[in-house]
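Residue numbers (the numbering used here), protein chains in the order written: chain A, 34 to 354; chain B, 34 to 354; chain C, 34 to 354; chain D, 34 to 354; chain E, 34 to 354.
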């Protein structure tokens, strides 16, 4: 689905143009074409390939999807795959944005992603001096916006970890902790696959030999790299804490086991001792003087209760109860 | 076993040629010879060595098999070992394809692998312009086809992991989970040994100093490298989740232990208390007034049942039962 | 909040100058301006941006905060983010110092940090020859002071670990050990995020191509790098020991479980045996000669006590009690 | 002990020469001297040092032994330490071969190793064209032979792992599994110390700047490197599986614990219930009508048996028995 | 404390000189001054700084101590920090040797270390040709001596591990094993911090651009690097085995738990069954024919003993007892 297809000149919008005219506008010396697609049909991609003269392999990647994030040079143009992450019903939905960047065009293809990039275009059209930086700057703005949307996701994961910690240390709910830790791990892996390859790719745009279309934007891509490195650091930290949490939870489970066994032992003793006394006074020896005492029975009961009280307080003291 | 032995000129098939004529065709300036062997006899390999003038060490590797994946230069020719993976009865069968690539020939030797590469040859013969790219392109097409066949294997491993997760969290079958996790681990190791060395090898064909026969196909090998990196990432992710799964399963086992102990304790109490009461009323004191009451016996039974009901509901409340 | 705003010439203080005059003093050939802000308003930062001509992205980073430690070049000036760490109520409070360094100015912006850097300025003003080294030396002095403040934090963490070890091996308090280990882990992660990126950044100032403002101070930054590497080593060591501590604690928990089970078993036997004897002498057979013995009852009691004493000493011997 | 001391010319053996003549033969332009020692006395090494003019530090290393595998240049000669591994009584015996390689000599010193290298010499003497490659080729042949002898050791370790797996999943012998896993780990560490440094060392002979005596044999050393990398990969794989095996075995131990507890609980219930019934019918209430029934006793027994059968089948159903 | 202060010329000792004359001797063209301090006062260090013209930062490091091992260039001189390790009462005492090396002097400062380096000086004075190599050789001799003293420490740690293994597999002393493993881990960490940074530092003296004072001693420092790498390998191996040992010990603890539970269950059954029989024959039914048999009582006792013997041998058979 075509979202926008606009030609600009000297940073100002000339016109919404039909798809068929793209290749003509690209020939004009000062024109700059910025096209946005959303979940396109294969036919739409083929059309774009024709109009922009995109490389076979790049279009193939965009068509098939499920690529890992990357930024590749094809001659004097770039092809980037960047993943979007949107939380939905406690899960992370990963979308994919393919960006084709040429000297005088940017084509973004958004897949499985709800949030668009209209705000970038709106700001760029309000501030024409930004668009004058050319396609490299638009490319930066797209990637920067996607990366900025990772931060709330990371914050969400940190909140999840805090809830798990509270479950371990305060609420003692080991079964749901286990599930929550495993769920957190899955999300961390998802984010890792989204962030790490992109970090590697943007790092190459901020230093050393930089592709021509990104010349002059190194500092901007260094900034993105920096943000990604911060996210990467947070993910590593979360991962480390999650590993510790799983061990700590196991420790808690085993501690609970010990405590249950202690309780079992204490109550078993409290029941078994009077049972023994009752057994003794159930013996059938002829010559048991207690049997004839009028206070034999209450004495036996008192003995049972007395021993049990002693046991009870002793077990409280050693914290088995 | 000889599968195919064909000479091409300007991208078009000239003829199926007998093995003995290979060396002659290789001398023709524009000819290109493409030979495919399957599980060959040592003698066949020796013959090929003669006809193509292959390097001693490369032929030795092909003869012995069980090499790790690699791509090596011998003068102006290449020798590649690539592994095939085919799932069979829940196991992964690893085969080996040895590819000898020279300026005007490609020799592929397939071992322990069911699926062949006829589709590549068929497509190449349908579209002669592809074959014109020369032996580098045929080499790429072979490796690409093998790598594409890894994806369904990875999907299968991901499905296995999901079944293990379901076993851990929903079906509570720790014993079979353990076996399944161990089996998954074994397959992950198999895939790792197949993928990682190849990733390293193809990476060297997509940048820096590239062997002569691969000149002009860098972008294609970058694409393969990319696919391998995606597979590598998935394997790393699976491995990480498998490690977590094993710990989570252990946690579940220990939780079950605690719950069994709690049940044991609860039922022990429910049986022990009436046993104690019965013991008390089995004592032989002369002066036990209850013995003479006509409702003494029903009262004792009611006491047993009453205490047990209280215990039962209390244990339900604290979730020991 | 403006803390200091001073112009220097040839290492000597000329005057406290108003913020508006900074840009004028910067134009003077020999002047050096050193400004310190604390938790500034956005407007203050904008003002500084104007006066010093700071780079957009650097100011943006300083405004938003929560950056990871880094040292970046913008033309002939540097922008550094360094974290401060201050223990407070058993937690680590992480603050942030942003330092802008130009050929003839240093601007430090301190956020969420209690301790200031007055001592550095005081010393620099007492010893004018130090200030003559220029902005690179002031930059070094600031970073060095912050890094030196990490050492007592590390010492504190080492003390925490020793307390945990004592808890594991001498006081046997597994529940509080688990919490303490987890808390230690959290602090280690905090320190890691503070130290590791800074180590990477200062390493680049001590060798290879050094930014112009740091020329001549390589040996000083090598010294900082060295201190950071020592801290890094200590953190890695603490982390390794913490991982071992968690496993050791788990082992202790399981050992305790075994010991509780042994005690349970021993006491169960000590109670069950006399109960059995009492049961036997509670049987109703007509022909039980013991019943008629006058010492039958004491004999039975003696038997119970005797068997229990034997059991008790035997369990002591095998260390189940 | 001197094993062999032979002078060759143009690939053909001239004579077995006495040790004292080595230095003279070395002066002849086309001569090549190949000496093999076994567990030599210090004096023998000193003699060799004189005859061949070996470097102080290299001879020192050979004398002391217990070096890690390495290949070092001393001027235009090489000194290599390679470890041999020979299984003996279920243990791995590590020997050491020191190889001194000069432009026209090879001296191998074998320590604590049973298998020699006579077959290499025999083959070299049968095929004089091989010896013409010079000392580099002899060096390759020695290292290659040693490395090839690692493969059966690795196969043995893989068999050990399979036996452990069978012990875990089929024979349920956790105690002997633990020992076997630990033993396997020890052997893996031994092999790792043998293989990894050698891999690093041979890698440097197969590319980049190659020592003069190895010129022309790069492809051969690449082949060795390849074999070592395969062994290295297998060791890493074994190590990973061993780590998983230890966790899996722990899981099995804990599962067994749970199952023992379940059995304990089930049988405890099956014994306790009839004990309770017997207790109830042992009460001394006057008014217990069952006592007077002629079928009271058989009814009580039947009740006990009946309840126990119900319990038994129920426990079978929930798989506690 | 001044240990030695000697001036040499052409490898021969001229005189023990007073500290104040050092700077004068340094000016003589062929003189070489070798000074050794032990646990010096700050004033002594200041004096040395003056006499030798040492760098501020290096002296500062030496004064404060607790540096990590390193070798740093300051102009044409070197500053090295090397740690000594001495076992004492089962602990490892880490000392520190600071070595200042200039073109014609060596100053060693030993802290917290019992063993000195008199043997090096003695040997050097006996064999003047060694001293002619200059300060680089003395530096090598000092570091080599320190590193050689690490080997017995490593041997000690290996012995500790063997004792732990014996404790795990033969003596079954899990509590003391845990302590011993933790103690071993602490020592491994200590050694790691001593060895790893030094390995990194000496590696830079054995290849690439070598500081001037070490020219000509590359092969010697390569030898040290080699020894350190061997120690490093041993430490890594010990660490790996220690990690496995901790898991193995945990497995053993859990196995013991299972065995205790089995024993508990078996003895519980052996006591409970006769208790049940006694309970049955304690019932008060009128019509229990056994009561009137003259052999009823012995029969009941025989029944108890018989069932218990069966149980006992059955439990032996299934190895629960």
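We put the CB at the ideal spot given by N, CA and C, even for glycine. Model, not experiment: these values are computed from the prediction.
Would you check if the distance between the CB atom of residue i and the CB atom of residue j is smaller than 8 Å?
| i | j | result |
| --- | --- | --- |
| residue 69 of chain E | residue 36 of chain E | yes |
| residue 183 of chain D | residue 264 of chain D | yes |
| residue 258 of chain C | residue 291 of chain C | no |
| residue 301 of chain E | residue 301 of chain C | yes |
| residue 71 of chain B | residue 143 of chain B | yes |
| residue 309 of chain D | residue 308 of chain B | yes |
| residue 270 of chain B | residue 285 of chain A | no |
| residue 287 of chain B | residue 210 of chain B | no |
| residue 65 of chain C | residue 167 of chain C | yes |
| residue 312 of chain C | residue 339 of chain E | no |
| residue 268 of chain D | residue 228 of chain D | yes |
| residue 303 of chain E | residue 273 of chain E | no |
| residue 125 of chain B | residue 61 of chain B | no |
Assuming residue i contacts residue j under a Cβ cut-off of 8 Å, what Cβ separation, rounded to an integer in Å, is found between them?
| i | j | result |
| --- | --- | --- |
| residue 102 of chain E | residue 114 of chain E | 5 Å |
| residue 231 of chain E | residue 261 of chain E | 6 Å |
| residue 50 of chain D | residue 41 of chain D | Their Cβ separation, rounded to whole angstroms, is 10 Å, which puts residue 50 of chain D and residue 41 of chain D out of contact at 8 Å. |
| residue 293 of chain D | residue 295 of chain E | 6 Å |
| residue 354 of chain B | residue 299 of chain B | 5 Å |
| residue 86 of chain A | residue 164 of chain A | So it is not a contact: roughly 22 Å between Cβ atoms. |
| residue 329 of chain D | residue 202 of chain E | At roughly 59 Å, the Cβ-Cβ gap does not stay under 8 Å, so residue 329 of chain D and residue 202 of chain E are not in contact. |
| residue 170 of chain D | residue 250 of chain D | 6 Å |
| residue 246 of chain A | residue 134 of chain A | 5 Å |
Roughly how many whole angstroms lie between the Cα atoms of residue i and residue j?
| i | j | result |
| --- | --- | --- |
| residue 94 of chain A | residue 100 of chain A | 7 Å |
| residue 162 of chain B | residue 195 of chain B | 44 Å |
| residue 89 of chain B | residue 109 of chain B | 15 Å |
| residue 315 of chain A | residue 321 of chain C | 15 Å |
| residue 130 of chain A | residue 176 of chain B | 28 Å |
| residue 136 of chain B | residue 252 of chain A | 45 Å |
| residue 218 of chain B | residue 200 of chain C | 37 Å |
| residue 233 of chain A | residue 238 of chain B | 20 Å |
| residue 127 of chain E | residue 187 of chain E | 14 Å |
| residue 63 of chain B | residue 159 of chain B | 19 Å |
Requested in this report: Return the chain-ordered ranges of every alpha helix (DSSP H) run that is complete within the region 51-120 of chain B and spans a minimum of 4 residues.
Outcome: 55-60, 75-85 and 89-97
Query raised in the report: Where are the beta strand (DSSP E) runs, 3 residues long or more, that stay fully inside the region 128-158 of chain D, in chain order?
Result: 138-144
Query raised in the report: Using Cβ-Cβ distances below 8 Å, what residues of the region 104-131 of chain B are close to chain D?
Result: 105 and 107
Query raised in the report: Just by C-beta distance, which residues in the region 280-303 of chain D are closer than 8 Å to chain E?
Result: 280, 282, 283, 286, 287, 289, 290, 293, 294, 296, 297, 300 and 301
Query raised in the report: Taking Cβ-Cβ distances below 8 Å as the criterion, which residues of the region 313-326 of chain E are in contact with chain C?
Result: 314, 315, 316, 317, 321, 323, 324, 325 and 326
Query raised in the report: Going along the chain, which residues of the region 204-221 of chain E sit with their C-beta nearer than 8 Å to a C-beta in chain C?
Result: 207, 208, 211, 212, 214, 215, 218 and 219
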